[in-house]
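Residue numbers (the numbering used here), protein chains in the order written: chain A, 340 to 819; chain B, 275 to 487.
A short worksheet on the structure shown next.
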Amino acid sequence: MISLLLIFVPLAGAALAAAWSDNRTRPWFLPSVSLVHVVLCFRLLVVPPEVAPDAWLGFDKLARAVLPAVSLLFFVCACYGVSYLAVRAERSNRVFVAALLAVLGLLSAGHQARHLGLLWIATEAVTLAAVPLLHFNGTPRAFEATWKYLLVGGTGIALSLLGSFCLGYASLHSGGSGDLTFASLMAQGAGLSRPWVLIAWVLLLVGYGTKMGLAPMHTWKPDAYGEAPGIVGAILAGGVTTVAFTAILRVRAVVGAAGEGALADRTLLAIGLFSMVVAALFLLGTRDFKRMLAYSSVEHMGILTIGAAFGGIGLKAALFHVWSNSLTKGALFMSAGNIRRAAGSASMDEVRGMAMITPRSAAIFVAGMFAVTACPPFGPFFSELALVKAGFGSGHVFAIAMLLGCLLFAFFGITRVVFGIVDGRPRPAMRTGGKRFVETAGVILPPLALLCFSLWLGLFTPPLLREAWEAAVQQLHPAP
Amino acid sequence: MNTHLNLLIGLAMGLNLIALGSSRLPSLILVVSAQGMLLGVMPLLLEHDWSWMLLAVVVATVGGKGLVIPALLRRAMRAANIERELEPLIGFVPSLLLGAGGMIAAVAFSQSLPLLPEHAGLLLVPGAMASILTGFILLIGRVKAISQVCGYLILENGIYLFGLLLIRSTPLMVEAGVLLDVTVGVFVIGIIVDRIQRAFDSLDTRKLTVLHE
Numbered sequence: 340m341i342s343l344l345l346i347f348v349p350l351a352g353a354a355l356a357a358a359w360s361d362n363r364t365r366p367w368f369l370p371s372v373s374l375v376h377v378v379l380c381f382r383l384l385v386v387p388p389e390v391a392p393d394a395w396l397g398f399d400k401l402a403r404a405v406l407p408a409v410s411l412l413f414f415v416c417a418c419y420g421v422s423y424l425a426v427r428a429e430r431s432n433r434v435f436v437a438a439l440l441a442v443l444g445l446l447s448a449g450h451q452a453r454h455l456g457l458l459w460i461a462t463e464a465v466t467l468a469a470v471p472l473l474h475f476n477g478t479p480r481a482f483e484a485t486w487k488y489l490l491v492g493g494t495g496i497a498l499s500l501l502g503s504f505c506l507g508y509a510s511l512h513s514g515g516s517g518d519l520t521f522a523s524l525m526a527q528g529a530g531l532s533r534p535w536v537l538i539a540w541v542l543l544l545v546g547y548g549t550k551m552g553l554a555p556m557h558t559w560k561p562d563a564y565g566e567a568p569g570i571v572g573a574i575l576a577g578g579v580t581t582v583a584f585t586a587i588l589r590v591r592a593v594v595g596a597a598g599e600g601a602l603a604d605r606t607l608l609a610i611g612l613f614s615m616v617v618a619a620l621f622l623l624g625t626r627d628f629k630r631m632l633a634y635s636s637v638e639h640m641g642i643l644t645i646g647a648a649f650g651g652i653g654l655k656a657a658l659f660h661v662w663s664n665s666l667t668k669g670a671l672f673m674s675a676g677n678i679r680r681a682a683g684s685a686s687m688d689e690v691r692g693m694a695m696i697t698p699r700s701a702a703i704f705v706a707g708m709f710a711v712t713a714c715p716p717f718g719p720f721f722s723e724l725a726l727v728k729a730g731f732g733s734g735h736v737f738a739i740a741m742l743l744g745c746l747l748f749a750f751f752g753i754t755r756v757v758f759g760i761v762d763g764r765p766r767p768a769m770r771t772g773g774k775r776f777v778e779t780a781g782v783i784l785p786p787l788a789l790l791c792f793s794l795w796l797g798l799f800t801p802p803l804l805r806e807a808w809e810a811a812v813q814q815l816h817p818a819p
Numbered sequence: 275m276n277t278h279l280n281l282l283i284g285l286a287m288g289l290n291l292i293a294l295g296s297s298r299l300p301s302l303i304l305v306v307s308a309q310g311m312l313l314g315v316m317p318l319l320l321e322h323d324w325s326w327m328l329l330a331v332v333v334a335t336v337g338g339k340g341l342v343i344p345a346l347l348r349r350a351m352r353a354a355n356i357e358r359e360l361e362p363l364i365g366f367v368p369s370l371l372l373g374a375g376g377m378i379a380a381v382a383f384s385q386s387l388p389l390l391p392e393h394a395g396l397l398l399v400p401g402a403m404a405s406i407l408t409g410f411i412l413l414i415g416r417v418k419a420i421s422q423v424c425g426y427l428i429l430e431n432g433i434y435l436f437g438l439l440l441i442r443s444t445p446l447m448v449e450a451g452v453l454l455d456v457t458v459g460v461f462v463i464g465i466i467v468d469r470i471q472r473a474f475d476s477l478d479t480r481k482l483t484v485l486h487e
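Take a look at the structure:
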């Protein structure tokens, strides 16, 4: 019951926000609705509900392992959103607030979807609900980014629909009753028609991989993250990609039950490593710090995929990484948003000396950079360490070597951009233009909070979370 | 029954070729609309007992794919006041050859896929593959935003054709949800097309080149 509230409370909030007439008070819907969401979500984390095996929607073990991270990220972003929208008071935020809340409700639906068709509907709906968020700035560049997002994302999501139909046909072909819940597909297991399962796996991996931003289907990502407001980037990178990752995990479990798990893991490993290589190369070349965050997101999606390819222990590390990456990325996106606002540009050709103009945001940005490049003692260090151990444990020495190499190059690329904009003397043009950006508590505390969560996650990983990740692994890799 | 259905699918495949060969935007939109209507009535031939839910999905598909979406596209086209001639990146003759070759390959390839006996004599799978390929050629080979949307719609039509294989087993509610999403999607695309037109004063996607590495 509570699990349905996670979907309907934000959707009702979205409807109310759309009907609310006052532009100044409307942003408060964001923190109030997401506070309810985060409380409900953590209650379910502590007291997991019973989920009927044939339920279409339910707060099952996989949802329990990742949805609270998304909820927490969203809540902090929502708090930031109030101060952000106060700065942007000249624009109507009706569509923005409503769409953002709708994204939260649909993300909850996507994470809890235990039915192949329902999962697709929720993911597609998230894609569409995010569109007004991307072009909030209303610039030609924002529309260009939105168009690419729609076209690439739409094609990807269309392929995942085709993949869903193929998986459905695999079940039908072997005498299935047409029940497309993941539980019943897994129960059919080896009975599923092999050729159709393989076709479905390829299409679903490409489709949901596009949504996740795995290379080479990542092309929409730098444009969208570069042009969207900071909180939208944080929610896309921490929430929307997570729902696509859980979709891939659910499908991978079905493919594993059908007896093609080894092949699925090989493809996951290959696409994950390729994403890391592409991301590392682009990180070495990019000159825009918001696009840099997008490539960093591609890199971390690669890490997640590689973790999922390493079997049970790797998957547990990947679920840990979902948490640490989402929270750390959130801090980076928000502080980058502050710097972008104060500097009026996102290119390192025009921005420098931000440590003098926005000292607090710059400090968070630098700390977040160390966190995201897996420096101890932040969360990503420990999750990636667990992942590397899992890789050695399962004998993937070459893959681990490649992963570490890519991490090193990504570190070079990211530090180059970050110190390029933080260090030095500010350009004279930057100091005189327009009204000054004030670092209020409303725009500093949220990213700082996320950074603290990331630190806490690394140093004191709660046993409750470890148990939740363990349970999710049990659901996806049932012991034979 | 099967021959009637195959006739309709054959017609839809023919429309793919017309779409690849049409040099003017209004005729491309007309082709997409006709294909959408053809696809919309197919469930009536596949199912023997017509429930109200099935009829509702049929009406919604014919209305959505055949009337509402094309009307939106025509409106966007008029509002944008763009030239009606399509400038292809992949010429019309090469597109047609690719489309025809793809259609033959689709028929040949689908022979090797394991199908249930009741689907073996149907053109659904090759029809779906040919439409998906046509959609991709249009997406890649045309520069106007609206013609890319038409390509996307033909791609969706192909997936819809494939989905008809599952019509007896999946609940129609899922189909209804899918249809709703597609319609809303095109609606959103329509709005963005309108904004691109205002921001760039053109719908030529070749002008969308500011963002790159």
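Where is the CB? At the ideal position from N, CA and C, for every residue including glycine.
Since the model is a prediction, treat every value here as computed from it, not as a measurement.
- Interface annotation for the stretch 415–428 of chain B against chain A: Ala419, Gln422, Tyr426, criterion Cβ-Cβ distance under 8 Å.
- Secondary structure note for A:Ala609: its alpha helix (DSSP H) is the uninterrupted segment 600–624.
- Looking at A:Leu406, A:Trp459, A:Leu467, the one whose alpha-carbon comes closest to that of A:Ser447 is A:Leu406.
- Judged by DSSP in its simplified three-state form, A:Ala394 adopts coil rather than helix or strand.
- Note that the C-beta distance between A:Phe659 and A:Ser722 is below 8 Å.
- Taking 8 Å as the CB threshold, B:Arg480 stays off the interface with chain A.
- Counting only residues of its own chain and dropping the five nearest sequence neighbours on each side, A:Phe381 has a CB closer than 7 Å to the CB of Pro407.
- When secondary structure is reduced to three states using DSSP, B:Arg348 falls in the helix class.
- For A:Phe751, the enclosing alpha helix (DSSP H) stretches over residues 736–761.
- A distance below 8 Å between beta-carbons, with the five flanking residues on each side excluded, links A:Gly397 to the following residues of its chain, in chain order: Ser342, Pro388, Val390, Ala391, Gln451, Arg453.
- The beta-carbon of B:Glu321 is placed no less than 8 Å from the nearest beta-carbon of chain A.
- The beta carbon of B:Ile463 sits closer than 8 Å to some beta carbon of chain A.
- The beta-bridge partner set that DSSP reports for A:Thr520 consists of A:His454.
- Residues of the stretch 472–485 of chain A with a C-beta atom less than 9 Å from some C-beta of chain B are His474, Gly477, Thr478, Pro479, Arg480, Ala481, Phe482, Glu483, Ala484, Thr485, listed in chain order.
- Annotation for A:Ile587: Tyr547 place their beta carbon closer than 6 Å to its own, counting only its chain and skipping 5 residues before and after.
- For a Cβ distance threshold of 9 Å, nothing in chain A lies close to B:Leu372: the least Cβ distance comes to about 18 Å.
- Here DSSP, grouped into helix, strand and coil, assigns B:Ser405 to helix.
- Close to B:Pro388, with beta-carbon spacing below 8 Å, are these residues of chain A in chain order: His512, Ser532, Pro534, Trp535.
- Shown here, A:Ser686 sits in a strand according to DSSP, grouped into three states.
- Taking 8 Å as the upper bound on Cβ-Cβ separation, chain B lies near no residue of the stretch 721–745 of chain A.
- Among the bridge pairs identified by DSSP, B:Lys418 is matched with B:Asp478.
- For A:Asp562, the chain B residues whose C-beta falls within less than 7 Å of its own C-beta are Leu485, listed in chain order.
- Within the DSSP secondary-structure output, A:Asp627 pairs in a beta bridge with A:Ser686.
- Measuring C-alpha to C-alpha distances from A:Leu747 to each of A:Leu457, A:Leu620, A:Ile570 identifies A:Leu620 as the nearest.
- Going by beta carbons, A:Thr485 and B:Ile411 fall outside the 8 Å limit.
- Taking the CA atoms as reference points, A:Phe776 sits about 48 Å from A:Gly651.
- Residue-level contact by beta carbon fails for B:Ala379 and chain A, as no gap is shorter than 8 Å.
- Within the model, the alpha-carbon separation for A:Phe413 versus B:Lys418 is close to 37 Å.
- Residues are counted here when their Cβ sits less than 7 Å from a Cβ of chain B; for the stretch 418–450 of chain A the count is zero.
- Excluding sequence positions up to five before and after B:Asn290, its CB lies within less than 7 Å of the CB of Gly373, Ala404, Ser405, Thr408, Ile428, all in the same chain and listed in chain order.
- When the alpha-carbon of A:Gly598 is set against those of A:Gln813, A:Gly530, A:Gly502, the nearest one is in A:Gly530.
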